[in-house]
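Residue numbers (my numbering): 1 to 88.
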């Protein structure tokens, strides 16, 4: 199930690693089954099928077209340092 989440999110930095993962094929087959059952968008399964079948330049183009997640990450604010009684 962990790989299902990764396949669904399609983060550009992780796609190459996912394609090389030893359990990718099993996760991909399960993704196809979920798509056929109506649990997932068929376009997602089609995208993963296409990216496996294309050459490296086309693959890079597909990844680039995904872009970022579109949601900027929130930065964590550090708590302010309290001043010491001696003023330092």
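For each residue, glycine too, the CB sits at the ideal point set by N, CA and C.
These numbers come from a predicted model, not from an experiment.
- Give a yes or no on whether the minimum CB-CB distance between residue 56 and chain D is below 8 Å. Looking at the structure shown, chain D is missing, and only one protein chain is on hand.
- Message: Quick test of the definition: if touching needs 3 or more C-beta pairs under 8 Å, does the stretch 56-70 touch the stretch 3-22?
- Response: Segments in contact, yes.
- Message: Under DSSP, the alpha helix (DSSP H) around residue 58 begins and ends at which residues?
- Response: Boundaries of the alpha helix (DSSP H) harbouring residue 58: 56-66, taken from the DSSP string.
- Where does the unbroken alpha helix (DSSP H) through residue 1 begin, and where does it stop? Here residue 1 belongs to no alpha helix (DSSP H), and DSSP marks it neither H nor E.
- Message: If the criterion is Cβ atoms closer than 8 Å, does the pair residue 31 and residue 45 meet it?
- Response: yes
- In the DSSP assignment, find the unbroken alpha helix (DSSP H) run with residue 13 in it and report its ends. Element bounds for residue 13: n/a, residue is neither H nor E.
- How is residue 37 classed by DSSP in three states: helix, strand or coil? coil
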